[in-house]
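Notes to accompany the following structure.
Protein chains: 2
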Amino acid sequence: MNRPVDRWDLPLGLDAGSEPLFRRISRSIVEEIRRGRLRPGARLPGSRTLANTLRVHRNTVLAAYEELAGEGWTESTPARGTFVSGALPEVRRRAAPAGPSRPAPEAVGFDLRSAAARDACGSGSVAPLLSLGVPDVRLAPVMPLARAFRRVLRDRPEDLLSYGHPQGHPRLRAALAGMLRTARGLAVETDDVLVTSGSQMALELAARTLLKAGDVVAIEHIGYRHAWQVFEQHGATLAPIPVDAAGLDTGALEALTERTALRAVYVTPHHQYPTTATLSAARRIALLELARRKRFAVIEDDYDHEFHYEGRPVLPMASTDRAGIVLYIGSLAKVLAPGVRLGYVTAPRPVLRQMVAHRACIERQGEHTIECAVAELFEQGELQRHARRARRVYHARRDFLVRALRRELGSALSFEPPCGGLTLWATVGDGLDVEAWASRLREQGATLFTARHYAYDGRVRPHFRLGFAPFDERELGTWVRLLKRTLRGASPGG
Amino acid sequence: MNRPVDRWDLPLGLDAGSEPLFRRISRSIVEEIRRGRLRPGARLPGSRTLANTLRVHRNTVLAAYEELAGEGWTESTPARGTFVSGALPEVRRRAAPAGPSRPAPEAVGFDLRSAAARDACGSGSVAPLLSLGVPDVRLAPVMPLARAFRRVLRDRPEDLLSYGHPQGHPRLRAALAGMLRTARGLAVETDDVLVTSGSQMALELAARTLLKAGDVVAIEHIGYRHAWQVFEQHGATLAPIPVDAAGLDTGALEALTERTALRAVYVTPHHQYPTTATLSAARRIALLELARRKRFAVIEDDYDHEFHYEGRPVLPMASTDRAGIVLYIGSLAKVLAPGVRLGYVTAPRPVLRQMVAHRACIERQGEHTIECAVAELFEQGELQRHARRARRVYHARRDFLVRALRRELGSALSFEPPCGGLTLWATVGDGLDVEAWASRLREQGATLFTARHYAYDGRVRPHFRLGFAPFDERELGTWVRLLKRTLRGASPGG
C-alpha cells in the first residue's frame, strides 16, 4: 500500500558534483525511482518540506520538480501534490551512476556457510493443522488482557517503558512464584523465577548454561524436535531413550549411564510430548536418584501442566528435587495464548543466575509491558478462572473426540484417552499404512503429523497425533469424518 | 503479599502409606508448611474444594483440618476460612520425611562451569544515570499504544494469539520497510525485514549466522560492549580499531586487513557509540570498498537514527551497498521506548534467511500483539509525529545542556555538540582526574560512565558520556550544578 511519502522526511544522498544543485536533486530522485525506493504512485514531499530537509532554497526544489515533470518521471496535480508517474520513461544515462540500481537480491559479498537444515526449528512450510497442541485462542481472555495492558501503561509507564531487568518484571515473577508454590509444590521465591520469551528461549538458556561441545543429552526417542535442535546447536550429542506407556524408560537410561557420561536428560514427564504418557511415580523417583548419583541435570519441560483431567494431580519432579538437579520449565502459551510469548524457569540459584546472564546477552530483557499486564491477570484471579474454564471445555472436547473416534473408526484406531493435555496419541490398526493415510489427508488439505515427525530416528511407526483443544464439537466431528473418509486410502487395496 | 491459596487448586503429593488417609493429608500439609510452600497467614482451600482436588470424601478433608487445628498448624475463623497459623508449633517428627525440606538454595547437583564475568551483558549493579542514551519515556505515546493494542486484539485476536512467523508480523515488517525506503534510502520489501526482540537480538542472530570460533571481528576501540560480548560468546576474536572525530579509522582498518583475514566489522557510523562522531563520507566509501574487496561483512548498527539535529541527513551505508555485504540493524527503542523490545534487521536475502532460522531456534517468534500495535502507530502516522516532536524536544535539551556546560564548567570540559543522538561526549581539561570526578559523583548518588567503561582495553581516558534526552531543563540544570560541585574533587588538591 502506498503511504504518502511526506509522513517521513525524504533525505536524499546528494552526490558532490559540478552540476547545478537543482539537477543533482532531480537526478537523485530519479535514482531513487530506479532503485525502487520511490514507487509509481508514491507522493513526493511538498517543495517546502523537501527544501527544509535538504537545507536548500525552495526554488531549487521547485526547479528540480519541474525537470522531473518535464521528463515524465512525475505528475503533478495542483490540489493533490506531486506523484511518481505510473508510466516511467526509459532510463537516461546522463548522470545515472554506473552499476545496478540495487544489488542482485541473492548476492552476498562474503562467504556464507550453507544452511544445512537450518530451519528445523522454524515454522516449516505447512502447519500440521490436525496435530497441533494449541489451545483455543477463541477462549483466550483477550479483553481482560487489553484492559490490563492499558492499566499498567497508565499507572506505571516509566517503570515499564524504561530498561528493565533481564530476569523479568518482579510483579510477574512474584505471581508465577505464588502459582508454582501453591499449584505445583515448588518452594520458590520471586527471585527463583526467570521469565523468558516463551519456553523455547528457556531451552536455549538451559543449553547455553549447561552444554559444551561433545556433551551427551538423553532425550525421549519420540519427542520434541525443537528442543533437540537447540541442544545440537550447542554441540551436544543426543542419546534417544525409549518411551512407553509409563513414560521414559529409566532402566534404559540407567543402562546408558553405565557406558556414557551424561550431561543432562530432557523429559516431558507430565504429559509426554507427543505420546501423552505420564512418567510413573516409581520412574520419577528412579530418575531423580540416578541423576543425583551420576550428577547430570534434569530438564523438566512441563509445557501444559494446567490441563489435567483424570487421576490425582501429579506434582513436578522439581517439587521433590533435594539435590539441586532439576531445571523446571513452564509456559503460559497453553493457558493464555501461544502468541503471547511467556515462559518461565526455576532452577538452583547458581544455574538460574547464569541463565539470566545469558538472557541479557541474547535479548536485554523481555517485554515488560506484557509481563505486567499478565501479572495483573494473575493477581485478579482472571488467569486462574480462564484456566479452569478452558480445562472444562477441553475435557469435554477430549471426551467428544474419544467417543467419535471409537464410533466412527472402531478398530482402525486404538488409543488411551489422554489423562491431560491438548492432544491425543493414536495407534493405527494392523494392516493400515499410517503414511498413506496422512497422504490422503494432505490431498484433502488437512495436515496430520505421524510418529515419524516426532521420532529421533525418523522412522515410520504406526501412530499419529491429534490436537482437539482448538476445535469445537462441530469441527471435531468434521475432522473425524474426514479421517474416516480417507481411511480407505490407508488400507491395502483401498 | 499473601493471596488466598484457593485461587489455585492445591494439589498435594500424597505418599502411599499405611496411615489413615486423613492423616496422610494433614502430614502432607504440614510438610508443605515446613517447606515454605504454604506461608503463615495463607488461606487453605475450602474443604469441598480440596476434597474435589484430591478426589477424596469431604469428611476426610475435614478430619485432616481438625487434626491440623488441634496441633496448632492452622487457625479457623468460621466466616473467613482456615489459615496457616502465624505461630507455628515445633516440628513433629512422627511422619515427616527425612532430609531437609528443601535443598540448600545454592546447592547444584551437577558440575557448573564458573560464570567468569558472565553478566557483562547484564544490567550491571548500578545504572549509569547520567550516561544513559535513553529517550524520555514521559514523552512516549503510551495511550496511543494502549489503544492500538486493544484495537488489534479486538479486531484480529486469532491471528495474533496463534503461533506466528519468526520473521515478525508482516504488518510491522511492511511498515518498517516503508520507513526504511522513504527515510533511509534502503530499497527493501516487506520480506527483506526481520523484526527482532530489540537490537540486542539482532546482534545475536548476526553473530550466529556469521561467526565461528576464531573469526576476527573488527570493532571500534571505544564502543558498545554489549555487542562485543555477543561476538566473543560465539568464539570471535575482537580487533579494536581507533575512532576519531571522523569515526572509525578506515586507514587503520585497511592496515589490519593486510595482515589478518577479517570476518566482519561492527560499526555505529551515524552517531558513533559513545563518541557521537559521524563516519565521514570518504571513510564510508572506503569502508564499503574495502569490505567488498576483502569479502568481510559490515554490521551497521544505526541505533538512534531518528534524532539528527544538524547537517544534511546522512543515509546509512546499507543504502549504497551494491555488493551485498551490509547487515543493517535498527531499533525502535529510542523512538518509542526501551521497554518495548522491537528492533529490526535488513541484510542480503540468504543472510536474512539464516538469521530468521536462528531466531526460530532461540525464540519461536516475537510478541505479535505488540508488533501489530506498533504497526498501527506507523500506519496512523502516530510514530512519525512522536519522532518529530521528540526530536524537537531533544534538540532543545541538547542546546540547553551545551550552554549550561559552557557557562558552568568553562575550560574544565571541551566537547563537540553532538549533531544527533541522545548523548554528549565530553573531554575533561588537562590536569583533571576524570575517575576521581566520577567517584565524587558516585558519592552523591549519581553514576557517570567514563571512557574506561566503553574502551575495549579498559584504560582510563579523559572523557565521559552525558545523556540529556530523559531530563527536562530543570533536571539538566541540577546535573550540571552537581558536576560543577564535584569538579573540585577532580582537580589536584581539590
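From first to last, the protein sequence lines stand for chains E and W. According to this note's numbering, the first sequence is numbered sequentially starting from 12. According to this note's numbering, the second sequence is numbered sequentially starting from 12. We put the CB at the ideal spot given by N, CA and C, even for glycine.
The count of Cβ pairs closer than 8 Å, one atom from the segment 265–283 of chain W and one from the segment 452–463 of chain W, stays below three, leaving the stretches out of contact. DSSP places Y465 of chain W in the helix class (H, G or I) of the three-state scheme. For H474 of chain E, no alpha helix (DSSP H) segment is defined; the enclosing uninterrupted segment is the beta strand (DSSP E) at 474–478. Counting other Cβ atoms within 10 Å of its Cβ, E374 of chain E reaches 16 or more and is therefore classed as buried.
Taking a Cβ-Cβ threshold of 9 Å, the residues of chain W close to V145 of chain E are S173, Y174, in chain order. Using a Cβ-Cβ cut-off of 8 Å, I336 of chain E is close to V119, G120, F121 of chain W, given in chain order. The beta-carbon distance between G354 of chain W and G144 of chain W, rounded to whole angstroms, is 15 Å. This is too long to meet the 8 Å contact definition. Taking a C-beta distance under 8 Å as the contact criterion, L487 of chain E and F411 of chain E qualify as a contact pair. The C-beta separation of A250 of chain W from V227 of chain W comes to about 6 Å, placing the pair in contact by the 8 Å criterion.
Less than 8 Å divides the Cβ of I336 of chain E from the Cβ of V309 of chain E.
When the beta-carbon positions are compared, I252 of chain W and A229 of chain W come within less than 8 Å of each other.
With 16 or more other CB atoms across the displayed protein chains lying within 10 angstroms of its CB, S330 of chain E is buried. Contact note: F307 of chain W reaches chain E through G120, F121, using a C-beta cutoff of 9 Å and chain order. Residues of the segment 238–259 of chain E with a Cβ closer than 7 Å to any Cβ of chain W, in chain order: Q240, V241, Q244. Under the three-state reduction of DSSP output, L433 of chain E falls in the coil class, being neither helix nor strand. Scanning chain E for C-beta atoms nearer than 9 Å to the C-beta of E374 of chain W yields T207, S208, G209, Q211, M212, E215, R352, I373, E374, reported in chain order. Annotation: D166 of chain E is outside any beta strand (DSSP E); the continuous alpha helix (DSSP H) that includes it extends over 153–166. For G92 of chain E, the uninterrupted beta strand (DSSP E) segment begins and ends at 92–95.
Per DSSP, the unbroken beta strand (DSSP E) holding L338 of chain W starts and ends at 337–342. Just so you know, the alpha carbons of E378 of chain W and V148 of chain E end up roughly 15 Å apart.
Beta-bridge annotation (DSSP): P251 of chain E is paired with E:I230.
The three-state secondary structure of T85 of chain E, taken from DSSP, is strand.
No Cβ of chain E is located within less than 8 Å of the beta carbon of T60 of chain W. Nearest in C-alpha terms to L259 of chain E, of all of E:V95, E:I381, E:V362, E:R295, is E:R295. Between the segment 146–165 of chain E and the segment 151–164 of chain W, the count of Cβ pairs shorter than 8 Å is three or higher; the stretches touch. Annotation: G469 of chain W has no Cβ neighbours in chain E at a cutoff of 8 Å; minimum Cβ distance is about 19 Å. The continuous alpha helix (DSSP H) containing D410 of chain W extends over residues 393–420. Put simply, of E:R485, E:G341, E:A466 the residue whose alpha carbon is nearest the alpha carbon of R408 of chain E is E:R485.
In the DSSP annotation of this structure, A53 of chain W is not part of any alpha helix (DSSP H), being labelled neither H nor E. Per DSSP, the unbroken beta strand (DSSP E) holding T207 of chain E starts and ends at 204–207.
Against P155 of chain E, chain W offers no close residue; the least beta-carbon distance is about 10 Å (beta-carbon pairs closer than 8 Å). Rounded to the nearest whole angstrom, the C-alpha separation of L214 of chain E and G175 of chain W is 19 Å. The beta carbon of H464 of chain E does not come within 8 Å of any beta carbon belonging to chain W, so the residue lies off that interface. Between Q244 of chain W and C383 of chain E, the C-beta gap is not smaller than 8 Å, which leaves the two residues out of contact.
Between P349 of chain W and chain E, the shortest Cβ-Cβ separation is below 8 Å. Where F426 of chain E is concerned, the enclosing beta strand (DSSP E) starts and stops at 424–426.
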